[in-house]
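Step one of this worksheet: look at the structure below.
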Amino acid sequence: MSNLSCPKVIADVGWVWFTKPSMRTTNLDIRVSIGPEVDIGWVSSITASIFYGNALIGEATQEDTFLESPEYDNTYDMKLQNFEIQDMTAFKSLIRNIMPNTKNRYQPGYRKPIAELEVLEKGHKLAVVVNLYGTGVFKTTAPRVQLTGDSILITFSISNQPHVELWFENAKYILEKDGETLARLTGSLEIEADGGSPVNYQCEGELSSYWKQSSNCKFFGKGKLRGVDLGSDSDTWFCHAIREFEMEVDLDEVIVCKDE
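Counted from 1, the sequence shown has number 119 at position 119 by the UniProt record's numbering; the numbering is strictly sequential.
Here's what the structure looks like:
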């Protein structure tokens with residue numbers, strides 16, 4: 001192994017995982033994979049900076065942390081607490097551009113997320129820079145809607161192209177059409193990187209009282225499944241993030257089951 005023969009090294013990003021949000025901070029878990037010829041040494045401090053284009057979203061330093069590759073495969077997990085979001089405008093742009101949405105938003109050209117690593121302070125500190133601009137959007141499959149009496153179940157899958165992980169517990173959704181709420185649903189939305197493979201999700205709930213009382217209680221046309229709120233994280237930036245989640249739903253394909 002070399003001892004970082006070049007001043008900076010490019011590493012593949014497995015994921016950037018935002019957890020434990022507040023209004024302005026979050027914890028950060030970054031997984032990177034480096035080549036076998038690179039030796040990051042015996043660092044005991046990590047500083048991570050997250051960019052979106054030229055904008056610095058924020059950074060955090062974790063002191064007295066031992067960095068190792070658990071599987072000895074040159075894959076490293078870096079855990080940092082109290083990552084301060086310094087530029088909320090840039091962070092909002094990141095979240096809006098990776099979330100599935102029915103709006104026709106501009107998407108920058110795709111590029112695989114990478115990290116730039118540099119060993120500083122004579123081998124004591126590792127600096128990590130990740131730029132998430134243009135890393136893609138969460139790709140979704142067409143939702144499958146199943147009705148059983150007044151109960152509704154919606155299933156779908158997500159492929160995580162951006163390698164950004166967001167775990168929304170007790171996410172609340174509405175199914176709507178033409179401004180009217182057809183149903184209210186809940187479900188955990190733990191968006192994982194998982195090597196880019198599709199991951200299945202579901203949310204369930206009941207038809208709205210308006211829809212149950214409607215004289216023409218039949219689903220048809222195009223609807224929208226939209227995130228609206230959260231449970232325990234409702235007073236954090238996660239609540240704003242889940243509201244960027246939207247999916248088109250083909251109501252003509254609703255499966256109606258017998259209510260036993």
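Just so it is clear, CB atoms sit at the ideal spot from N, CA and C, and this is done for glycine as well. Source: prediction; values computed, not measured.
Would you grab the beta carbon distance between residue i and residue j for me? Rounded to a whole angstrom, and I think it's under 8 Å.
{"i": "S157", "j": "T141", "result": "5 Å"}
{"i": "E180", "j": "K8", "result": "With a Cβ gap of about 55 Å, E180 and K8 do not count as contacting."}
{"i": "A163", "j": "P113", "result": "The sequence given here has His at residue 163, not Ala. Going by Cβ atoms, the distance from H163 to P113 rounds to 5 Å, so yes, they are a contact pair."}
{"i": "I211", "j": "L189", "result": "The sequence shown places Trp at residue 211, rather than the Ile named in the question. The pair is not a contact, with the Cβ atoms about 23 Å apart (cut-off 8 Å)."}
{"i": "A60", "j": "L80", "result": "4 Å"}
{"i": "V13", "j": "V130", "result": "6 Å"}
Taking residue i as the reference, give the member of the options with the closest Cα.
{"i": "W42", "options": "V137, G223, R111, L120", "result": "L120"}
{"i": "G187", "options": "I174, S197, I85, A193", "result": "I174"}
{"i": "D235", "options": "G14, V13, R24, L185", "result": "R24"}
{"i": "S93", "options": "N131, Y52, G58", "result": "Y52"}
{"i": "S44", "options": "T26, T155, K122, S209", "result": "K122"}
{"i": "residue 272", "options": "G134, F219, L189, N160", "result": "Outside the displayed span of the chain (1 to 260) sits residue 272, for which this structure offers no information."}
{"i": "I40", "options": "T155, G134, Y72, A193", "result": "Y72"}
{"i": "D250", "options": "A127, K258, G221", "result": "G221"}
{"i": "Q161", "options": "P36, E118, G109, G149", "result": "G109"}
Return yes when the Cβ of residue j is within less than 8 Å of the Cβ of residue i, no when it is not.
{"i": "T102", "j": "E248", "result": "yes"}
{"i": "V137", "j": "I98", "result": "yes"}
{"i": "residue 348", "j": "G227", "result": "Residue numbering for the chain in the displayed model covers 1 to 260; residue 348 lies beyond these limits and cannot be assessed."}
{"i": "L230", "j": "K172", "result": "yes"}
{"i": "R184", "j": "S208", "result": "yes"}
{"i": "T135", "j": "R111", "result": "yes"}
{"i": "L67", "j": "L126", "result": "yes"}
Quick one: residues in its chain with C-beta nearer than 6 Å to the C-beta of residue i, no 5 flanking neighbours on either side, listed in chain order?
{"i": "W17", "result": "D29, E165"}
{"i": "T75", "result": "S33, S69"}
{"i": "M78", "result": "I30, I46"}
{"i": "N200", "result": "S157"}
{"i": "W15", "result": "R31, H163, E165, A193"}
By Cβ distance below 8 Å, which residues in the same chain neighbour residue i in space, the five residues on each side in sequence not counted?
{"i": "D233", "result": "P21, F168, E169, C239"}
{"i": "I255", "result": "R144, V145, Q146, L147"}
{"i": "G58", "result": "S49, I50, F83, E84, I85, Q86, D87, F91"}
{"i": "S5", "result": "Any reading at S5 needs caution, since the residue's pLDDT is 42, under 50, leaving its predicted position unreliable; the model's value is listed next. So no residue of the chain qualifies."}
Ignore the nearest five residues each way along the sequence and tell me which others in residue i's own chain have a CB closer than 7 Å to its CB.
{"i": "P100", "result": "V137, F138, T140, F245, E246, M247"}
{"i": "L153", "result": "Q146, Q202, E204"}
{"i": "H124", "result": "V43, S44, S45"}
Is residue i close to chain C? Criterion is C-beta to C-beta, closer than 8 Å.
{"i": "F245", "result": "Absent from the structure is chain C; it holds one protein chain and no more."}
Please give me, in chain order, every unbroken run of the alpha helix (DSSP H) with length at least 4 that falls completely inside the stretch 9-44. Segments of the alpha helix (DSSP H) lying fully in the stretch 9-44: there are none.
Run through the stretch 138-223 for me and flag every whole alpha helix (DSSP H) of 4 or more residues, listed as ranges in chain order. You should have 209-212.
Output the residue ranges of the alpha helix (DSSP H) runs that lie fully inside the stretch 70-101 and measure 4 residues or longer, sorted by chain position. DSSP runs (the alpha helix (DSSP H)) wholly in the stretch 70-101: 88-98.
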